[in-house]
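**Q** Protein chains in written order, with our numbering: chain F, 1 to 379; chain X, 380 to 630.
(1) Rounding to the nearest angstrom, what Cα-Cα distance links residue 450 of chain X and residue 284 of chain F in this structure?
(2) Starting from residue 448 of chain X, follow its DSSP beta bridges and name the residues at the other end.
(3) Closest by CA to residue 85 of chain F, which one among F:303, F:188, F:16?
(4) Since residue 341 of chain F and residue 305 of chain F should fall inside the 8 Å C-beta cutoff, what is the C-beta to C-beta distance between them, to a whole number of angstroms?
(5) If you check the beta carbons only, do residue 78 of chain F and residue 274 of chain F fall under 8 Å apart?
(6) Spatial neighbours of residue 481 of chain X within its chain, please: C-beta separation below 8 Å, excluding the five flanking residues on both sides.
(7) Contact between the region 158-167 of chain F and the region 92-102 of chain F: three or more CB pairs below 8 Å?
(8) Tell me the rounded alpha-carbon separation between residue 631 of chain X and residue 605 of chain X.
(9) Considering just the uninterrupted stretch of the beta strand (DSSP E) at residue 582 of chain X, what are its terminal residues?
(10) When DSSP builds the beta bridges, which residues end up paired with residue 412 of chain X?
(11) Looking at residue 14 of chain F and residue 216 of chain F, is the spacing between their C-beta atoms short of 8 Å?
(12) Should residue 180 of chain F and residue 276 of chain F be called a contact, given that it needs their Cβ atoms to be closer than 8 Å?
(13) Mapping DSSP to helix, strand and coil, what is residue 506 of chain X?
(14) Can you tell me whether residue 16 of chain F is helix, strand or coil according to DSSP?
(15) From the DSSP output, which residues share a beta bridge with residue 610 of chain X?
(16) Any Cβ of chain X within less than 8 Å of the Cβ of residue 233 of chain F?
(17) Is the CB of residue 243 of chain F under 8 Å away from at least one CB in chain X?
(18) On the DSSP letters alone, give me the boundaries of the beta strand (DSSP E) that residue 351 of chain X sits inside.
(19) Going by DSSP, which residues form a beta bridge with residue 397 of chain X?
(20) Leaving out five residues before and five after residue 218 of chain F in sequence, what residues of the same chain have Cβ atoms less than 6 Å from its Cβ?
(21) Can you list, in chain order, the residues of its chain whose CB lies under 7 Å from that of residue 452 of chain X, leaving out five sequence neighbours each side?
(22) Please list, in chain order, the residues of the region 487-500 of chain X that have any C-beta partner in chain F closer than 8 Å.
(23) List the residues of chain X whose Cβ lies closer than 7 Å to the Cβ of residue 222 of chain F, in chain order.
(24) Taking 8 Å as the threshold (C-beta atoms), are residue 584 of chain X and residue 422 of chain X in contact?
(25) How many Å lie between residue 609 of chain X and residue 603 of chain X at the Cα?
(26) Run through chain X and tell me which residues come within less than 9 Å of residue 229 of chain F, C-beta to C-beta.
(27) Comparing alpha-carbon positions, which option in F:114, F:177, F:238, F:167 lies nearest residue 463 of chain X?
(28) Name the DSSP beta bridge partners of residue 103 of chain F, please?
(29) Out of F:326, F:87, F:203, which has the shortest C-alpha to C-alpha gap to residue 22 of chain F?
(30) With contact counted as at least three CB pairs below 8 Å, one residue from each stretch, are the region 188-198 of chain F and the region 251-263 of chain F in contact?
(31) Could you tell me which residues DSSP puts in a beta bridge with residue 528 of chain X?
(32) Which residue's Cα is closest to the Cα of residue 279 of chain F: F:17, F:47, F:68, F:28?
(33) On the premise that residue 438 of chain X lies in contact with residue 405 of chain X, defined as a C-beta separation below 8 Å, what is that separation, rounded to the nearest angstrom?
(34) Considering residue 590 of chain X, what are the terminal residues of the alpha helix (DSSP H) in which it resides?
(35) Is there a Cβ of chain X sitting closer than 8 Å to that of residue 375 of chain F, yes or no?
(36) Quick one: residues in its chain with C-beta nearer than 6 Å to the C-beta of residue 399 of chain X, no 5 flanking neighbours on either side, listed in chain order?
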């Protein structure tokens with residue numbers, strides 16, 4: 001009785017297997033490389049959504065600035081790729097060869113010091129994982145230790161997103177400005193722009209996604225995951241049960257930041273550029289919408305929510321470019337009002353019970369009302 | 380060897396405690412002492428500062444001046460979670476439980492192990508945890524509700540669950556804010572039984588308005604009025620005190 005699964009219970013494992021078949025078999029077989037690359041781009045946002053499930057869905061910490069971390073990861077990767085693309089041979093027409101083109105256009109004659117370590121891929125990958133964690137740690141410690149939470153925290157994260165965008169746009173010579181870092185070509189000599197590379201990168205990304213899904217599942221099924229849910233309900237009760245609430249919030253925020261950053265780094269690889277338009281307030285809020293549509297408590301829901309909203313966005317924005325944003329807003333309001341648990345909630349309340357009626361197996365525990373413990377039959 | 384002005388080792392010694400909110404002294408130069416294994420009940424009219432006293436002891440509110448010594452440890456400087464780890468448990472006035480978690484998980488979170496972030500991440504639900512949760516659940520009459528979402532419990536059961544969450548912490552001092560408010564008569568009787576059973580090896584500080592219940596459980600009663608002690612002693616002596624009758628019991 002009450003055995004805890006370490007990563008996932010039976011129905012969650014089944015869900016992960018279905019997602020694996022969809023992403024690894026069905027989509028690559030049925031889509032051409034252009035469409036598959038679009039899916040790859042959407043999936044990079046699902047890393048952010050995954051982080052928001054932990055931070056917002058479980059822990060109740062709404063961050064409207066996840067674009068910041070997506071951007072940090074994306075820029076770290078873009079800086080490495082840009083340096084590789086700016087070899088002296090490639091940039092010999094510049095007045096200063098060997099530095100990125102936008103620096104040359106802005107009359108920089110030397111590579112800034114903070115760009116130098118990004119010559120190393122290892123450093124870039126470590127930076128993708130560590131820099132957002134440190135940044136989230138600083139922001140989180142400053143906020144949560146002072147008991148700033150809820151709406152105030154959300155507003156501050158928005159402000160940070162706005163500040164970082166302005167900083168990137170303003171410091172054109174160091175960051176590429178509003179255009180971002182473009183014209184990325186090779187990864188250790190391997191051309192990332194070919195169809196073949198895009199195909200390979202898609203599978204690398206899906207692999208990373210499953211690693212992150214398992215990490216998120218592990219956190220959710222640990223006692224820490226239950227403390228996050230408890231904190232969302234009754235923060236004081238957790239505090240007066242001997243836990244430092246601030247430390248747990250900082251952890252959730254840092255975990256979400258690292259997941260977002262991994263997504264950003266993969267975005268740069270898949271799409272071939274990074275710009276401030278993925279950092280600001282609007283993309284950050286869109287990422288929250290993906291999570292809400294998928295179901296903010298559901299790890300797999302976050303992936304489906306991201307895919308569906310983005311697919312809808314692409315097809316509608318091609319047909320009705322003016323109306324799309326209104327549609328997105330309406331979708332968010334509709335989901336919050338009518339389906340607070342998103343797609344995952346619809347699945348759990350409407351579809352799963354019908355499936356269970358067909359199968360003779362004992363009812364798999366519902367993920368939300370019985371979050372962790374297997375419900376034992378009456379003794 | 381004289382140990383200060385204390386005649387014996389009290390579990391909890393509150394001395395000269397004062398807190399003011401914008402000049403209003405909710406608790407004013409308050410002193411009282413709680414013995415080991417004592418059930419102390421605090422009564423008093425609304426606004427007397429009863430809940431504020433509990434808030435001050437558990438660190439929810441910071442004192443303006445005065446001291447709170449628990450086993451010789453000064454509490455006014457500690458953070459809430461450190462006060463809990465020193466051995467003080469607090470039950471809130473309205474049942475404060477985690478609605479979205481099961482009864483089992485509610486109790487498990489209060490199990491005193493793995494309280495750091497890393498400890499919680501690697502916490503293992505081993506047989507010691509399971510047995511302790513079962514044991515406490517049986518004490519608080521919730522043994523057959525372990526798999527149920529706490530949200531679905533009745534009001535009385537939620538109160539018991541919170542008491543259970545405190546028991547599993549095994550505090551040396553248990554503070555209960557109106558534990559039988561909103562309970563049915565039979566639930567009150569069971570709660571009084573429960574409190575008498577869990578007293579072994581710890582002290583309990585209770586705020587309660589229900590005089591019948593107070594008589595059932597109290598070893599000693601402290602009457603608060605306008606942030607100060609109006610009377611203190613056995614239930615009989617307090618009931619006979621004309622000042623207490625005037626400000627509180629007479630109503």
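Glycine residues also receive a C-beta, built at the ideal position from the N, C-alpha and C atoms.
**A** Concretely, from the data shown:
(1) Counting from one through the second chain, the residue named residue 450 of chain X turns up at place 71. Counting from one through the first chain, the residue named residue 284 of chain F turns up at place 284. Each residue's Cα considered, the two are about 51 Å apart.
(2) On the second chain, position 69 is the one that residue 448 of chain X refers to. According to DSSP, residue 448 of chain X bridges with X:392, X:453.
(3) Taking the first chain and counting its residues from 1, one reaches residue 85 of chain F at position 85. That would be F:188, whose Cα lies nearest to the Cα of residue 85 of chain F.
(4) As a working note, residue 341 of chain F is residue 341 in the first chain. As a working note, residue 305 of chain F is residue 305 in the first chain. Taking C-beta atoms under 8 Å as the contact rule, residue 341 of chain F and residue 305 of chain F fail to qualify, at a distance of about 11 Å.
(5) Along the first chain, one-based indexing puts residue 78 of chain F at 78. Along the first chain, one-based indexing puts residue 274 of chain F at 274. It is a contact, given that the beta carbons lie within the stated cut-off.
(6) Counted from its first residue, the second chain places residue 481 of chain X at position 102. These residues qualify, in order along the chain: 525, 526, 527, 528, 529.
(7) no
(8) With chain X covering 380 to 630 only, the question about residue 631 of chain X has no answer from this structure.
(9) Position 203 of the second chain holds residue 582 of chain X. Element bounds for residue 582 of chain X: 582-586.
(10) As a first step, residue 412 of chain X is located in the second chain; it is residue number 33 there, counting from the start. Note: residue 412 of chain X sits in a beta bridge opposite X:392.
(11) The count along the first chain starts at 1 and reaches residue 216 of chain F at position 216. The count along the first chain starts at 1 and reaches residue 14 of chain F at position 14. No, the Cβ-Cβ distance between residue 216 of chain F and residue 14 of chain F is not below 8 Å.
(12) Translated into the one-based positions of the first chain, residue 180 of chain F becomes position 180. Translated into the one-based positions of the first chain, residue 276 of chain F becomes position 276. Cβ atoms of residue 180 of chain F and residue 276 of chain F: closer than 8 Å.
(13) The sequence position of residue 506 of chain X within the second chain is 127, counting from 1. Assigned with DSSP and collapsed to three states, residue 506 of chain X falls in helix.
(14) Here residue 16 of chain F refers to the residue found at position 16 when the first chain is read from its first residue. Helix at residue 16 of chain F.
(15) Along the second chain, read from residue 1 onward, the residue named residue 610 of chain X stands at position 231. Beta-bridge partners assigned by DSSP to residue 610 of chain X: X:602.
(16) Along the first chain, read from residue 1 onward, the residue named residue 233 of chain F stands at position 233. Answer yes: the Cβ-Cβ gap between residue 233 of chain F and chain X drops below 8 Å somewhere.
(17) For this step, residue 243 of chain F is matched to residue 243 along the first chain. It does; some Cβ of chain X falls within 8 Å.
(18) Since the displayed chain X opens at 380 and closes at 630, residue 351 of chain X lies outside it and no answer follows.
(19) Within the second chain, the letter at position 18 stands for residue 397 of chain X. Paired residue(s): X:444.
(20) Against the first chain, residue 218 of chain F aligns to sequence position 218. Excluding sequence neighbours, residue 218 of chain F sits near 7.
(21) The count along the second chain starts at 1 and reaches residue 452 of chain X at position 73. For residue 452 of chain X, same chain residues with a beta-carbon under 7 Å away, outside a window of 5 residues either side, are 465 in chain order.
(22) Residues of the region 487-500 of chain X with a C-beta atom less than 8 Å from some C-beta of chain F are 487, 488, 489, 491, 493, 494, 495, 496, 499, 500, listed in chain order.
(23) Start at 1 with the first residue of the first chain, and residue 222 of chain F comes out as number 222. In chain order: 499, 500, 502.
(24) The count along the second chain starts at 1 and reaches residue 422 of chain X at position 43. The count along the second chain starts at 1 and reaches residue 584 of chain X at position 205. No.
(25) Translated into the one-based positions of the second chain, residue 609 of chain X becomes position 230. Translated into the one-based positions of the second chain, residue 603 of chain X becomes position 224. Computed Cα separation, rounded: 5 Å.
(26) Within the first chain, numbered from 1, the residue matching residue 229 of chain F stands at position 229. When 9 Å is used as the limit between beta carbons, residue 229 of chain F is near these residues of chain X: 477, 479, 480, 484, in chain order.
(27) Looking up residue 463 of chain X in the second chain gives position 84. Taking only the C-alpha atoms, the option nearest residue 463 of chain X is F:238.
(28) What you label residue 103 of chain F is simply residue 103 of the first chain in a count that begins at 1. Looking at the DSSP assignment, residue 103 of chain F forms no beta bridge with any residue, so it has no partner.
(29) Against the first chain, residue 22 of chain F aligns to sequence position 22. If we check each option's Cα against that of residue 22 of chain F, F:203 comes out closest.
(30) Short answer: they don't touch.
(31) In the second chain, counting from the first residue as 1, residue 528 of chain X sits at position 149. Note: residue 528 of chain X sits in a beta bridge opposite X:481.
(32) Translated into the one-based positions of the first chain, residue 279 of chain F becomes position 279. Among F:17, F:47, F:68, F:28, the Cα nearest to that of residue 279 of chain F belongs to F:68.
(33) On the second chain, position 26 is the one that residue 405 of chain X refers to. On the second chain, position 59 is the one that residue 438 of chain X refers to. So it is not a contact: roughly 16 Å between Cβ atoms.
(34) Mapped onto the second chain, residue 590 of chain X falls at position 211. Per DSSP, residue 590 of chain X belongs to the alpha helix (DSSP H) from 590-596.
(35) The count along the first chain starts at 1 and reaches residue 375 of chain F at position 375. With a pLDDT of 38 at residue 375 of chain F, under the threshold of 50, the predicted position of this residue should be treated as unreliable, and no value is reported.
(36) Residue 399 of chain X sits at position 20 when you count from the first residue of the second chain. 443, listed in sequence order.
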